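**Student:**
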Amino acid sequence: MRVLDPTYEGLESAAAVCHALLVETDAHGLVLVESGLGLDSVDRPAEVLDPEWVELVSPRLDRGETALSRVAELGYDPADVRHIVLTHLDVDHAGGLPDFPEARVHVMAAEYEAAMAEGPSRRYRPAHWAHGPRWETYGTGHGQEWYGFAGVQALRGLPEEFLLVPLGGHTAGHAAVAVRAGKEWLVHAGDAYFYHRELDTGSPESHPLLDIVQLDSQVDAELRIANQGRLRELASGHADEVSVFSAHDPWEFARFTQRS
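So, in structure tokens, the structure goes:
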């Protein structure tokens, strides 16, 4: 994906990423958080992807970069991916769904409804769910409070270490995915923000290139900004308990890769 320059000294330029998580559970198989672009997107971009999106983003169309290939590279059988949890259904988050046809796909109901109503569009590509995923959708008005976030829900068929946190604004049913890892929560915030300095408490700063994408793709600016502020409070107020990261920031991805 497009190369990004940092907004301050000390970092090298880097390409934007699609940050996914693969979680091995004791009794529920493998859980994939986000699916990136899949084999169909790589092999048949002219048929599967929107040409305008491809021109804007310049994705790296490489089979080796797909979630399917990475799961196999780690020594796992892709058929063991039983659950996929998505922050939303944008092309670069849901594109890998056809590569795991038997997985149950967890997403907010509002996001599912928007994708079914609006696709095909630059954002939503029906080819990514033409295989008939086993959808698990979650409405609002339910759930519990979690670190000040309301309506947080446990995921059907998964242990309590997996949570879906409503974070609308980028899309109609955008959410964060929280995963308990030992004493720490990992919070995949998807596209609720695009650049790590947006979570700085002193002087938040957006990235000039990523901010163009962020503003162009939002459906509710007021809600997006409010939820970004709540994430900022979560990250700063509970840094010893919670690690928050986004989908496309390459510097966050590098930091987590070094951790693992």
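If you count the sequence shown from 1, position 103 lands on 103 in UniProt numbering, and the numbers rise without skipping.
Think of the CB as a built atom: it goes at the ideal place given N, C-alpha and C, for glycine as much as any other residue.
Note that this is a predicted model, so its numbers are computed, not measured.
1) Would you kindly report the start and end of the unbroken alpha helix (DSSP H) that includes S69?
2) What did DSSP end up calling R122 once you bin it into helix, strand or coil?
3) What does W185 pair with, by DSSP beta-bridge criteria?
4) Would F194 and Q218 qualify as a contact pair, given that the criterion is a beta-carbon distance under 7 Å?
5) Which same chain residues end up closer than 6 Å to V105 when comparing Cβ atoms and leaving out the 5 residues on each side of it in sequence?
6) What distance in whole Å lies between the Cβ atoms of G36 and T7, which are believed to be in contact at a cut-off of 8 Å?
7) Considering only their Cβ atoms, is the gap separating L30 from P45 smaller than 7 Å?
8) If you follow the beta strand (DSSP E) that G237 is in, where does it begin and where does it stop?
9) Hey, how far is the Cα of L209 from the Cα of T171?
10) In or out: D80 buried (at least 16 other Cβ within 10 Å) or exposed?
11) Which same chain residues end up closer than 6 Å to A127 when comparing Cβ atoms and leaving out the 5 residues on each side of it in sequence?
12) Roughly how many angstroms separate the alpha carbons of Q144 and E205, rounded to a whole number?
13) Put P98 into one of helix, strand or coil per three-state DSSP.
14) Pull up the DSSP beta-bridge partners for F256, would you.
15) I'd like the span of the beta strand (DSSP E) that includes Q144, first residue to last.
16) Any idea if R123 is buried or exposed, counting beta-carbon neighbours within 10 angstroms, 16 or more meaning buried?
17) Distance, Cα to Cα, D50 vs G119?
18) Could you give the residue range of the beta strand (DSSP E) that holds L164?
19) In the DSSP output, which residue or residues are listed as bridge partners for V81?
20) Quick check on L61: does DSSP put it in helix, strand or coil?
21) What first and last residue would you give for the alpha helix (DSSP H) that runs through A154?
22) So what does DSSP say about R197, is it helix, strand or coil?
**Tutor:** Working from what's here:
1) Unbroken alpha helix (DSSP H) run through S69: 67–73.
2) Collapsing the DSSP output to three states places R122 in coil.
3) R180, V242.
4) Not closer than 7 Å, so no.
5) Answer for V105: I84, P133, W135, listed in chain order.
6) At roughly 25 Å, the Cβ-Cβ gap does not stay under 8 Å, so T7 and G36 are not in contact.
7) Contact: no.
8) No beta strand (DSSP E) holds G237; the alpha helix (DSSP H) holding it covers 221–237.
9) Roughly 19 Å separates the two Cα atoms.
10) Exposed is the call here.
11) Correct list, in chain order: V48.
12) Q144 and E205 have their alpha carbons spaced roughly 31 Å apart.
13) Here DSSP, grouped into helix, strand and coil, assigns P98 to helix.
14) Beta-bridge pairing by DSSP links F256 to no other residue.
15) Taken as a continuous stretch (DSSP letters only), the beta strand (DSSP E) holding Q144 covers 144–146.
16) The residue is buried, with at least 16 neighbouring Cβ atoms inside 10 Å.
17) Near 11 Å, if we compare the C-alpha coordinates of G119 and D50.
18) In the DSSP assignment, L164 falls within the unbroken beta strand (DSSP E) covering 162–166.
19) Beta-bridge annotation (DSSP): V81 is paired with L30.
20) Correct three-state label for L61: coil.
21) Secondary structure note for A154: it is in no alpha helix (DSSP H), and the uninterrupted beta strand (DSSP E) holding it is 149–154.
22) It is helical.
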